[in-house]
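These notes concern the structure reproduced below.
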Amino acid sequence: MCYAIPGKVVKIEGHKAIVDYFGEKKTALAEHGISVGQYVYAQGGVVVSVVPETEAKKILAFWEKKFFELKKKDDELSSEKKPLGSLAPIIDKIEKGRPIGKDEMKKILQAKGADAEALRSYANIMRKNELKNSCCVHGILEFSNHCGMNCLYCGIRATRNMQRYRMTEKEIVAAAARAVKLGFKAIVLQSGEDRFYDRDALVRIVQKIRKMGVLIFLSIGEKDLRTYEALYSAGARAALVRFETSNERLYARMRPGKKLEDRIKLIQNLQRIGYLVSTGFLIGLPGERDEDLVNNILLTKQLGTDMYSFGPYIEKERKADLEKALNTIALVRLIDKNAKILVTTALETLSPEAKKLGLLAGGNSLMIDITPEKYAKLYTLYKGKYKETGNEVKETISLLQSLGRAPTDLGR
Ligand code: SAH
Ligand code: SF4
């Protein structure tokens, strides 16, 4: 079943198209001579394909009633303002458009019980008011678990003695095609830092997938800029590169041989090339304090990237703090009201309800694993990552419907 709505281009302003979804307007980057009157799919603020008019009208006829039902549902679920308790003065400041300080941010991160619930429902209302009920669902394809790096937090780091795999180019393209057939409009290509796939191989893969009319997100770590430029020319338009922590010393400890400033330079260079960039951090690395977490949020905002991607650090012995991860989503929404916030897969390992809770705390984007099962089992970034459901697409669609979220583009 397909969960995507085409929109109609009603205006072109330079490189931007104004796309209409049943009267709701969104802005998306439009390349290749898109013109007014055409129907398109847009993802992450980028027009990814043109849909023939007759096909678009058929899909829109299916969606019309549903679209307004979903909006109503979202309205019902995100209207009740709960008493904010001790956080009331901070939220009051935000409402008046005044900046809040780091201590106030820490207080938000530490909210518990009823205060935390009220905070999250406030952030959810803000999400609805600013960005409506749009929700993007990205398919993530983990094509290799070989990695030359030794990030201490990561379950597939080079020194781990484990079964490794590499998907062939053919397998990668076929897996992407299966996801596209299911209705995915954005594919994240993720791997360890694997030199096996050289520039030419990656370009070939990107070119083939781009022809399927989807947004290609790269999550392949540190490649030289010429490679990233070549992949942009081949059709990739987005990149997921987390800086992991804004604390330089912690970064150097966690990623031996690497420096935070180089990671940040990479993120900025990707922005310069034109990539839509998603960045963020791990929550709860060993030795991390709440002040670091506040700095992580502020650095993500300062970098001015297109999407936030952060999630709890999952460690074998220590259960990550679900409440803090949800409060982080809420805080990001409060200080960056138009943010696109990904509810990451790591959060889901903390509770079967986490996806829902994240979407109700200010989040508005999801990822579904589309890696073939025999490989997904081996892509063990952290414990509990692989879940044997087989039904994730269906389950996610019904979750989105139950929360009143529609697959219109996330842009404003
Ligand atoms: N090799 C690439 C992409 C794959 S790793 C890179 O490092 O950028 C993708 C993300 O997985 C990392 O950015 C990291 O934040 C996350 N990750 C790694 N180990 C994790 C763990 N134990 N718990 C939660 N997330 C983890
Ligand atoms: Fe490799 Fe990425 Fe894991 Fe670091 S986080 S070890 S670069 S896969």
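Numbering (this note's numbering), first residue to last: -6 to 405. Think of the CB as a built atom: it goes at the ideal place given N, C-alpha and C, for glycine as much as any other residue.
Considering only residues of the same chain and omitting the five flanking positions on each side of residue i, which have a CB-CB separation below 7 Å?
{"i": "residue 75", "result": "110, 111, 114"}
{"i": "residue 173", "result": "205, 207"}
{"i": "residue 278", "result": "146, 238, 243, 247, 306"}
{"i": "residue 259", "result": "215, 234"}
{"i": "residue 403", "result": "37, 38, 124, 127, 129, 333, 357, 358"}
{"i": "residue 83", "result": "93, 97, 100, 101"}
Can you tell me which of the options puts its alpha carbon nearest to the alpha carbon of residue i?
{"i": "residue 215", "options": "183, 241, 2", "result": "183"}
{"i": "residue 317", "options": "333, 299, 350", "result": "350"}
{"i": "residue 289", "options": "311, 313, 167, 328", "result": "328"}
{"i": "residue 145", "options": "248, 240, 370, 221", "result": "248"}
{"i": "residue 225", "options": "241, 339, 192", "result": "192"}
{"i": "residue 273", "options": "254, 281, 294, 15", "result": "294"}
{"i": "residue 117", "options": "67, 81, 375", "result": "67"}
{"i": "residue 23", "options": "381, 38, 85", "result": "38"}
{"i": "residue 291", "options": "69, 94, 376", "result": "94"}
{"i": "residue 301", "options": "101, 323, 396", "result": "323"}
{"i": "residue 365", "options": "54, 142, 158, 313", "result": "158"}
{"i": "residue 140", "options": "330, 212, 263", "result": "212"}
{"i": "residue 330", "options": "83, 161, 90, 6", "result": "90"}
{"i": "residue 245", "options": "143, 15, 26", "result": "143"}
{"i": "residue 262", "options": "8, 241, 222, 18", "result": "222"}
{"i": "residue 309", "options": "370, 377, 250", "result": "377"}
{"i": "residue 161", "options": "151, 185, 6, 190", "result": "190"}
{"i": "residue 77", "options": "104, 65, 52", "result": "104"}
{"i": "residue 344", "options": "367, 297, 312", "result": "312"}
Looking at residue j and residue i, is the spacing between their C-beta atoms short of 8 Å?
{"i": "residue 181", "j": "residue 136", "result": "no"}
{"i": "residue 108", "j": "residue 79", "result": "yes"}
{"i": "residue 179", "j": "residue 208", "result": "yes"}
{"i": "residue 346", "j": "residue 361", "result": "no"}
{"i": "residue 35", "j": "residue 12", "result": "yes"}
{"i": "residue 120", "j": "residue 357", "result": "yes"}
{"i": "residue 98", "j": "residue 287", "result": "yes"}
{"i": "residue 227", "j": "residue 196", "result": "yes"}
{"i": "residue 283", "j": "residue 333", "result": "no"}
{"i": "residue 401", "j": "residue 375", "result": "no"}
{"i": "residue -1", "j": "residue 33", "result": "yes"}
{"i": "residue 219", "j": "residue 268", "result": "no"}
{"i": "residue 134", "j": "residue 390", "result": "no"}
{"i": "residue 236", "j": "residue 266", "result": "no"}
{"i": "residue 10", "j": "residue 21", "result": "yes"}
{"i": "residue 285", "j": "residue 240", "result": "yes"}
{"i": "residue 354", "j": "residue 304", "result": "no"}
Should residue i be counted as a contact of ligand 1 given a C-beta to heavy atom distance under 7 Å?
{"i": "residue 341", "result": "no"}
{"i": "residue 250", "result": "no"}
{"i": "residue 128", "result": "no"}
{"i": "residue 165", "result": "no"}
{"i": "residue 261", "result": "no"}
{"i": "residue 183", "result": "yes"}
{"i": "residue 281", "result": "no"}
{"i": "residue 308", "result": "yes"}
{"i": "residue 377", "result": "no"}
{"i": "residue 346", "result": "no"}
{"i": "residue 351", "result": "no"}
{"i": "residue 304", "result": "yes"}
{"i": "residue 275", "result": "yes"}
{"i": "residue 408", "result": "With the chain covering only -6 through 405, there is no way to say anything about residue 408."}
{"i": "residue 237", "result": "yes"}
Run the proximity test for residue i: is its beta-carbon closer than 7 Å to any non-hydrogen atom belonging to ligand 2?
{"i": "residue 144", "result": "yes"}
{"i": "residue 53", "result": "no"}
{"i": "residue 48", "result": "no"}
{"i": "residue 0", "result": "no"}
{"i": "residue 233", "result": "no"}
{"i": "residue 24", "result": "no"}
{"i": "residue 149", "result": "yes"}
{"i": "residue 374", "result": "yes"}
{"i": "residue 214", "result": "yes"}
{"i": "residue 135", "result": "no"}
For residue i, which residues in the same chain have their Cβ closer than 8 Å to its Cβ, ignoring the five residues on either side in sequence?
{"i": "residue 373", "result": "138, 148, 149, 155, 379"}
{"i": "residue 194", "result": "162"}
{"i": "residue 8", "result": "22, 23, 24"}
{"i": "residue 398", "result": "63, 67, 126, 127, 128, 352, 357"}
Does chain D have any CB closer than 8 Å to the CB of residue i?
{"i": "residue 313", "result": "Among the protein chains of the structure shown there is no chain D, as only one such chain exists."}
Leaving out five residues before and five after residue i in sequence, what residues of the same chain have Cβ atoms less than 6 Å from its Cβ?
{"i": "residue 359", "result": "130, 336"}
{"i": "residue -5", "result": "Reliability fails at residue -5, whose pLDDT of 48 lies under 50, so the model's placement of it is uncertain and the value that follows must be treated cautiously. Excluding residues within five positions, the ones whose Cβ falls inside 6 Å are 176."}
{"i": "residue 165", "result": "136, 198"}
{"i": "residue 19", "result": "12, 402, 404"}
{"i": "residue 394", "result": "none"}
Assess, as a yes-or-no matter, whether the stretch 52 to 63 is touched by the stretch 194 to 204 under the definition of 3 or more beta carbon pairs within less than 8 Å. Two segments are said to touch when three or more pairs of C-beta atoms, one from each, lie closer than 8 Å; by this definition the stretch 194 to 204 does not touch the stretch 52 to 63.
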